[in-house]
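Undergrad:
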Amino acid sequence: MCGRFFIGQPPEVYRAFYGYSEQPNFPGRFNVAPTQPVPVVMRESGERHFRLMRWGLWPTWLKDPSDFPTLFNARIETAAEKPAFRGALRHRRCVFLADGFYEWRREGAGKAATKTPFAVRRTDGAPMAFAGLWEPWMGADGSEVDTAAIITCSANGTLSAIHERMPAILAPESVGPWLDAAVDAPEAARLCRPCPDEWLRLDPVSERVNSARNDDSGLPEPVAPPASRKAPAKAAIAQGELF
10 MCGRFFIGQP PEVYRAFYGY SEQPNFPGRF NVAPTQPVPV VMRESGERHF RLMRWGLWPT
70 WLKDPSDFPT LFNARIETAA EKPAFRGALR HRRCVFLADG FYEWRREGAG KAATKTPFAV
130 RRTDGAPMAF AGLWEPWMGA DGSEVDTAAI ITCSANGTLS AIHERMPAIL APESVGPWLD
190 AAVDAPEAAR LCRPCPDEWL RLDPVSERVN SARNDDSGLP EPVAPPASRK APAKAAIAQG
250 ELF
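In structure tokens, the structure reads:
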């Protein structure tokens, strides 16, 4: 799954990487959480565009968002079957702008359980292209909100050391086909697979990231792991069961 991420490079880096026409000037954000506005890239009239959307997809048929779960992730294995996601998978795919995400390694059980946060980023420092789905939603009062969810897939060998799921990170050459609605849903879904192990680096980070109220550039910076806990070793294979 992916419940927190960070985006901290200058806006022009993402504009050059994705090739959209807008020139947004947005601040770095280092602890993005569901329900917050998030920057995404989508395709419209054959061109790529920058948009801000609510992180947490609301299907077009939804009447009352207050009585609906926060759909911030969509499993690629079942997205084509789920009423909330299948239309978007066919017609409204997007890419979340990000530099990396946070994941927590759980150890122990009960009162002795611990959760160690890690920042996950690309080894080459490039932006992470999270595959996403989006839907426009209109309220009874005529208000309109664009909403989006991050696609997840099974973890690769690197990430399986701490979790069994991960965001689907697109290869640069897959961004175009993913955004192109002319590419059918089954073909697009095949782009959402675990990325190569060597793409990712895991760094233990401060437990301050546990609170979404904290948002500063120090959050994704590596820290020494707690003395009583070892840094995760790369798993030989991804863990089996999906949650």
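Residue numbers (our numbering): 10 to 252.
No residue lacks a Cβ here, since even glycine has one placed at the ideal position from N, Cα and C.
1) Where does the unbroken beta strand (DSSP E) through residue 163 begin, and where does it stop?
2) What is the DSSP secondary structure of residue 172, reduced to helix, strand or coil?
3) Inspect the CB distances between the segment 82-98 and the segment 152-171 and report whether three or more fall short of 8 angstroms.
4) Tell me the rounded alpha-carbon separation between residue 121 and residue 114.
5) Taking the alpha-carbon positions, what's the residue 137 to residue 109 distance?
6) Expressed to the nearest angstrom, what Euclidean distance is found between the alpha-carbon atoms of residue 126 and residue 140?
7) Using CA atoms only, rank isn't needed, just tell me which of 67, 66, 210, 77 is closest to residue 166.
8) In the segment 118-145, which residue ranges form an unbroken beta strand (DSSP E) of at least 3 residues, counting only runs that do not cross its ends?
9) With distances taken Cα to Cα, identify the nearest neighbour of residue 18 among 29, 112, 35, 101.
10) Anyone know if the C-beta pair for residue 116 and residue 129 falls short of 8 angstroms?
11) For residue 51, count neighbouring C-beta atoms within 10 Å of its own C-beta (all shown protein chains included) and say buried if the count is 16 or more, exposed if not.
12) Measure the Cβ-Cβ separation of residue 14 and residue 107 and say whether it is below 8 angstroms.
TA: Let me spell this out:
1) 153-163
2) The answer is coil: DSSP assigns residue 172 none of H, G, I, E or B.
3) Yes, the segment 82-98 is in contact with the segment 152-171.
4) Across the structure, residue 121 and residue 114 are spaced so that their CA atoms are roughly 14 angstroms apart.
5) Their Cα atoms are separated by approximately 6 angstroms.
6) 23 angstroms
7) 210
8) 123-131
9) Comparing Cα-Cα distances from residue 18 to each of 29, 112, 35, 101, the minimum goes to 35.
10) no
11) buried
12) yes
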